[in-house]
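2 protein chains.
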Amino acid sequence: MNKAIIVAEPGLQSLTITREFDASRELLFRAFTDPDLLVQWLGPRRLSMTIDRLEVRDGGMWRYRHREADGVEFAFHGVFHGAPSVDGIVQTFEYEGWPGRVSLEALTFEERDGKTTVRQNAVYQSVADRDAMIESGMETGVNEGFEKLDELIARLAGGQ
Amino acid sequence: MNKAIIVAEPGLQSLTITREFDASRELLFRAFTDPDLLVQWLGPRRLSMTIDRLEVRDGGMWRYRHREADGVEFAFHGVFHGAPSVDGIVQTFEYEGWPGRVSLEALTFEERDGKTTVRQNAVYQSVADRDAMIESGMETGVNEGFEKLDELIARLAGGQ
Chain A
44 MNKAIIVAEP GLQSLTITRE FDASRELLFR AFTDPDLLVQ WLGPRRLSMT IDRLEVRDGG
104 MWRYRHREAD GVEFAFHGVF HGAPSVDGIV QTFEYEGWPG RVSLEALTFE ERDGKTTVRQ
164 NAVYQSVADR DAMIESGMET GVNEGFEKLD ELIARLAGGQ
Chain B
44 MNKAIIVAEP GLQSLTITRE FDASRELLFR AFTDPDLLVQ WLGPRRLSMT IDRLEVRDGG
104 MWRYRHREAD GVEFAFHGVF HGAPSVDGIV QTFEYEGWPG RVSLEALTFE ERDGKTTVRQ
164 NAVYQSVADR DAMIESGMET GVNEGFEKLD ELIARLAGGQ
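Taken in order, these protein sequences are the chains called A and B. Okay, so the first sequence: first residue is 44 according to our numbering, each after it adds one. Okay, so the second sequence: first residue is 44 according to our numbering, each after it adds one.
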């Protein structure tokens, strides 16, 4: 099983997530920015997802909610810095249960021999903020989401 | 002379700038968000400033240019995360001469006994990015700008 590599060096305020997918960078960019695709894969398996906004443009805002089976919701929002493209996406990120603790994410899509490596750099306002994000169970959510993205890619390939 | 305190701990990706002003937080918020005021103080004394955009709202974009006497320009842009208010401003920041090196800034305005402390936390995508920003002459620009802001505050007080 292809797992995400999450690197969080001690004492730094950032972390990087790296994961390879069996798809072109154009398809991956779509999977990250088309709400009909994004809703199918982002986040842990036990949560259902609702996308309230996904304005894929410079200054565009996004907001989504994850919901537990018992109805408890976790909402997130942010804004795009620069126009998102296959060359990369830069966005702010805030968990609404933790207001004011904003982070900055930069994603790139690097294609080679038909496979694409997604690299995400996230930088937090303090080391403590970053460490709290890691301890929130981020790794499980990231990996389950990326497995669902593998499945989505396979479905899209099957339909072609 | 009241100088900004700039703290950049070794090995971290962030820096903080702290400076006290003889004004209310409402006046300081205006000085940071009203283009007619901002244009009078931001940046080093030798540069003239043009504000192209300053959309003070959630997702609003801003862009300004500093110009040397010989016409050479330095442009900057970013986007607001959340609605700017006297409680704080969160924004992205990018120097257009250094594309892709985006940072995240959080400003707060803390008033006490009629004076207000402005605190700015800026976090960069790497330690090298932060150090390069410091080495670009940031301290001079910050302090000259804040001295011009002292002068603007005095002019506004005199005009009341």
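All C-beta atoms in this analysis are idealised placements derived from N, C-alpha and C, irrespective of residue type, glycine included. This one's a predicted model, so the numbers in the text were calculated from it and none came from an experiment.
Report the partner residues of residue i according to the DSSP bridge assignment.
i	result
THR93 (chain A)	A:ARG108
PHE64 (chain A)	A:THR159
LEU58 (chain A)	A:ALA165
VAL50 (chain B)	B:THR59
So residue i packs on residue j, CB below 8 Å; how close in whole Å?
i	j	result
ARG106 (chain B)	PHE117 (chain B)	In fact, because the Cβ distance is near 12 Å, the residues do not count as touching under 8 Å.
GLY188 (chain B)	LEU85 (chain B)	5 Å
THR160 (chain A)	GLU63 (chain A)	5 Å
GLN163 (chain A)	GLU153 (chain A)	Actually they are not in contact, since the Cβ atoms of GLN163 (chain A) and GLU153 (chain A) sit about 12 Å apart, beyond 8 Å.
GLY102 (chain B)	PHE72 (chain B)	Not a contact, Cβ separation roughly 19 Å.
GLU137 (chain A)	VAL145 (chain A)	5 Å
So which residues on chain A does residue i lean against when the C-beta distance must stay under 7 Å?
i	result
LEU150 (chain B)	The premise fails here: LEU150 (chain B) is roughly 12 Å from chain A at the closest Cβ pair, so nothing lies under 7 Å.
Note down, in chain order, every chain A residue with its Cβ under 8 Å from the Cβ of residue i.
i	result
MET176 (chain B)	Simply none; closest approach about 14 Å.
ASP101 (chain B)	MET104, VAL122
VAL166 (chain B)	GLN56, LEU147, VAL166, TYR167, GLN168
For residue i, which residues of its own chain have a beta-carbon under 7 Å away from its beta-carbon, when the five flanking residues on both sides are left out?
i	result
GLU65 (chain B)	At residue 65 (chain B) the sequence reads Asp, which differs from the Glu that was named. Correct list, in chain order: LYS158, ILE196.
GLU69 (chain B)	VAL129
ARG96 (chain A)	MET104, TRP105, ARG106
ALA126 (chain B)	ARG100, ASP101
MET121 (chain B)	In the sequence under discussion, the amino acid at residue 121 (chain B) is Gly, which differs from the Met named in the question. Excluding residues within five positions, the ones whose Cβ falls inside 7 Å are TRP105, GLN134, THR135, PHE136, GLU137.
VAL82 (chain B)	MET92, ILE94
LEU80 (chain A)	ARG73, ALA74, LEU195
VAL50 (chain A)	LEU58, THR59
Listing by chain order, which chain B residues have their CB less than 7 Å from the CB of residue i?
i	result
ASP113 (chain A)	Per Cβ cutoff of 7 Å: no residues; ASP113 (chain A) is ~29 Å from chain B at best.
Leaving out five residues on either side along the sequence, give the residues of the same chain with a beta carbon under 6 Å from the beta carbon of residue i.
i	result
ALA47 (chain A)	ILE60, ARG62, VAL185, ASN186, PHE189
ARG89 (chain A)	none
THR93 (chain A)	ARG108
TYR167 (chain A)	GLN56, SER146, ARG173
In chain B, which residues lie less than 8 Å from residue i when you measure between Cβ atoms?
i	result
SER128 (chain A)	None at all; the shortest Cβ gap to chain B is about 12 Å.
Please list, in chain order, the chain B residues whose beta carbon lies closer than 9 Å to that of residue i.
i	result
VAL161 (chain A)	Those within 9 Å of VAL161 (chain A) in chain B number zero; the least Cβ separation is about 16 Å.
VAL145 (chain A)	HIS124, GLY125, VAL133, LEU147, ALA149
Going by the C-beta, is residue i closer than 7 Å to any heavy atom of the ligand ADP?
i	result
THR76 (chain B)	The ligand ADP is not among the ligands present in this structure, which contains no ligands whatsoever.
Can you give me the Cβ contacts of residue i inside the same chain, cut-off strictly under 8 Å, excluding the 5 residues immediately before and after it?
i	result
SER67 (chain A)	GLU154, GLY157, THR159
GLU98 (chain B)	MET104, TRP105, PHE123
VAL170 (chain B)	GLY54, LEU55, GLN56
Inset, instruction - Please go through the region 171-195 of chain A and give each complete beta strand (DSSP E) segment of 3 or more residues, from N-terminal end onward. - result: At a cut-off of 3 residues, not a single continuous stretch assigned as beta strand (DSSP E) sits fully inside the region 171-195 of chain A.
Inset, instruction - Can you check the region 97-163 of chain A for any beta strand (DSSP E) of at least 3 residues that lies completely inside it and give the ranges in chain order? - result: Correct list: 104-110, 116-122, 132-138, 146-155.
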